[in-house]
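So the structure is just underneath, and the comments pick up after that.
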Amino acid sequence: MYVQARRTKLEKIREMGVNPFPYRFEKDTEARYVFANFDQLDNTDRELSLAGRVMTMRVMGKASFCHIQDESAQIQLYVRKDDVGEDQYKLFKLLDIGDIIGVTGPAFRTKKGEISIKAHKIMLLSKALRPLPEKWHGLKDVETRFRQRYLDLIANPEVRELFVKRSRLINAMRSFLDGEGFVEMETPVLQPLYGGASARPFVTHHNALDVDLFLRIADELYLKRLIIGGYERVYEVCKDFRNEGIDRYHNPEFTMIEFYMAFADYHDIMELVKRMLLDIATRVFATTEFEFAGNKFDLNAEWEILPILESIKQYAGIDAANLDDQALAAECERLGIEIEKTRGRPKILDDIFTEKVQPNLIQPTFITDHPLEMSPLAKVHRENPKLTERFELYIAGSEVCNAFSELNDPDDQRERFRMQQKFSKLGDEEAQQLDEDFLKAMEYGMPPTGGLGIGVDRLFMILTGKTNIREVILFPQLKPE
RNA sequence: GGGGGUGUAGCUCAGUGGUAGAGCAUCUGCCUUUUAAGCAGAGGGUCGAAGGUUCGAUCCCUUCCACCCUCACCA
Numbered sequence: 030m031y032v033q034a035r036r037t038k039l040e041k042i043r044e045m046g047v048n049p050f051p052y053r054f055e056k057d058t059e060a061r062y063v064f065a066n067f068d069q070l071d072n073t074d075r076e077l078s079l080a081g082r083v084m085t086m087r088v089m090g091k092a093s094f095c096h097i098q099d100e101s102a103q104i105q106l107y108v109r110k111d112d113v114g115e116d117q118y119k120l121f122k123l124l125d126i127g128d129i130i131g132v133t134g135p136a137f138r139t140k141k142g143e144i145s146i147k148a149h150k151i152m153l154l155s156k157a158l159r160p161l162p163e164k165w166h167g168l169k170d171v172e173t174r175f176r177q178r179y180l181d182l183i184a185n186p187e188v189r190e191l192f193v194k195r196s197r198l199i200n201a202m203r204s205f206l207d208g209e210g211f212v213e214m215e216t217p218v219l220q221p222l223y224g225g226a227s228a229r230p231f232v233t234h235h236n237a238l239d240v241d242l243f244l245r246i247a248d249e250l251y252l253k254r255l256i257i258g259g260y261e262r263v264y265e266v267c268k269d270f271r272n273e274g275i276d277r278y279h280n281p282e283f284t285m286i287e288f289y290m291a292f293a294d295y296h297d298i299m300e301l302v303k304r305m306l307l308d309i310a311t312r313v314f315a316t317t318e319f320e321f322a323g324n325k326f327d328l329n330a331e332w333e334i335l336p337i338l339e340s341i342k343q344y345a346g347i348d349a350a351n352l353d354d355q356a357l358a359a360e361c362e363r364l365g366i367e368i369e370k371t372r373g374r375p376k377i378l379d380d381i382f383t384e385k386v387q388p389n390l391i392q393p394t395f396i397t398d399h400p401l402e403m404s405p406l407a408k409v410h411r412e413n414p415k416l417t418e419r420f421e422l423y424i425a426g427s428e429v430c431n432a433f434s435e436l437n438d439p440d441d442q443r444e445r446f447r448m449q450q451k452f453s454k455l456g457d458e459e460a461q462q463l464d465e466d467f468l469k470a471m472e473y474g475m476p477p478t479g480g481l482g483i484g485v486d487r488l489f490m491i492l493t494g495k496t497n498i499r500e501v502i503l504f505p506q507l508k509p510e
């Protein structure tokens, strides 16, 4: 019925000889500009052209007010019959909230003190056939907000600003890396083998080749091929796809940024990522202090470096290095940590870590030197053959990134893949695949390299205090209606 | 997958075993500086879906669907 009323108006507008969907409008001013420069604009004859969506209307017999919203702000229009003429005023009365219009006229301040535009000309730019969510209470229903994100963006300016921030954040990362001499590369989304992470993939099919292909779960192995190819600093901002559960920390497609730096080790990467996060936080948010889920942290604080076994000793009181598997399992039971007996020692350690250590890591903390079995792409620790040179950065109890001194010994890499194959046979659906093509590449010689991946959505959540990933992804995955 | 919650007008929300309510939006009339979106009046509902209990269900019961929270799984 709402739609019908609007269609009737649409016909009336057409009968007046007005095209309700014209082609362009010469917009020269943003609403925000008028507010920012009102002192120079007030009481001048300067004609400004603005355009935006009608958000409010107060229509009276011969003079009316409305607000239009453009990308920058909302501004009031004063439309007087004597100023715009009989026909335009008639047209104005046929407008609805939601219509997109252009206006030309000078800026002034009303009796009540609101900065406004006195319309000399009004132009309908697009007729809206459906009513907008109400303006006073706004749009709150989260399902509508996610399913019809455009309504969320129209109704909730802070959401519009949030996604601009997201864009700026990614831009800042690119600009930081570019400044460090990195080059952004593009690697395949469709891969004959999936690799570079432990996760279940999406499978698709290429008809002409008649082969199954996987949507990438990471771009790691391709970026390393580029390091082998002679680029010394590469990165990629990429969408990865993981065929796993959806919850407030996981969306099936998500954004990663990975970078690889030849001749560097994981210590260099720690230093680099710290500089990078400080740089982008300062540039995008103009602060280093944040709060996420009630936890305050400061990127300017000291970033502790804590080997994972040390962290377990410190927070769980378990000296895992000196315990055999049985004793370890007994300790878990004592602490009330449920473990699956079938899982190997690394998984048990991971469970302890997740349960007892991770929630305590509020200030930026590098957790380092993970056991070998957990890290099939990381280089053996130079001082302990059971460990790898790896770190994960934790902030506010969340993992933000994962990095290694990259494994570049092809024979060792082959062994690691074989170990993964064993896990796979034991039923680990996330075990990594043996990639002969990648091994071949490495056999041509890969320089010592440090590499890192940052989950961009997670990082952005932490920096904006959003505790649901759907708040930071424009079109999050939902079940079909 | 388990537990808890939500689903009522375009939007935000009340409510009841006896044919459904408010504010805003919509429609009509009035109005040349209004504004929580002017004043007055009017219209508007498959009460998430299907079944059951009942003389009668939006309300009680069952199943299903979607979303939120939480646990599990999972980076």
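Just so we're aligned, residue 30 is where the first sequence starts under my numbering, counting upward by one.
By construction, the Cβ of each residue, glycine as well, lies at the ideal position given by its N, Cα and C atoms.
The beta-bridge partner set that DSSP reports for K268 consists of T284. CA-CA distance, K253 to E213, rounds to 13 Å. By the C-beta density criterion, D57 is exposed, having fewer than 16 other C-beta atoms within 10 angstroms. Boundaries of the alpha helix (DSSP H) around V113: 110-113. Annotation: E465 to S155 spans about 57 Å, alpha carbon to alpha carbon.
With contacts defined by Cβ atoms closer than 8 Å, K147 and G131 do not form a contacting pair. At the C-beta level, E287 and G484 stay beyond 8 Å of one another. Here M475 is buried. Its C-beta has 16 or more other C-beta atoms within 10 Å.
In this chain, the beta strand (DSSP E) harbouring Q98 covers 92-98. CA-CA distance, R277 to V171, rounds to 13 Å. Contact between the region 387-406 and the region 323-340 is present: 3 or more CB-CB pairs across the two stretches fall below 8 Å. Inclusion of L180 and L191 in the CB contact set at 8 Å is not warranted, their separation being larger than that value. Here the region 339-355 lies against the region 377-387, with 3 or more beta-carbon pairs under 8 Å apart. Comparing C-alpha distances from F243 to each of I257, Y260, Y223, I256 shows the shortest one belongs to Y223. In the DSSP assignment, N200 falls within the alpha helix (DSSP H) that extends over 186-208. If you ignore the 5 residues before and after C267, its C-beta comes within less than 6 Å of the C-beta of D248, M285, all in its own chain and listed in chain order. Runs of the beta strand (DSSP E) lying entirely within the region 475-508 and spanning at least 3 residues, in chain order: 478-484.
Counting other Cβ atoms within 10 Å of its Cβ, P51 stays below 16 and is therefore classed as exposed. Beta-carbon to beta-carbon, A157 and V63 are separated by about 24 Å, too far to satisfy the 8 Å threshold. Here the region 183-200 does not lie against the region 227-240, with fewer than 3 beta-carbon pairs under 8 Å apart. In this structure A65 is exposed. Its beta-carbon is surrounded by fewer than 16 other beta-carbon atoms within 10 angstroms. By the CB criterion at 8 Å, D297 and G480 fall outside the cutoff. The shortest C-alpha to C-alpha distance from Y295 to any of R487, L364, P477, F175 is the one to P477. A check of alpha carbon separations from V32 across D111, D125, Q117, R43 identifies D125 as the nearest.
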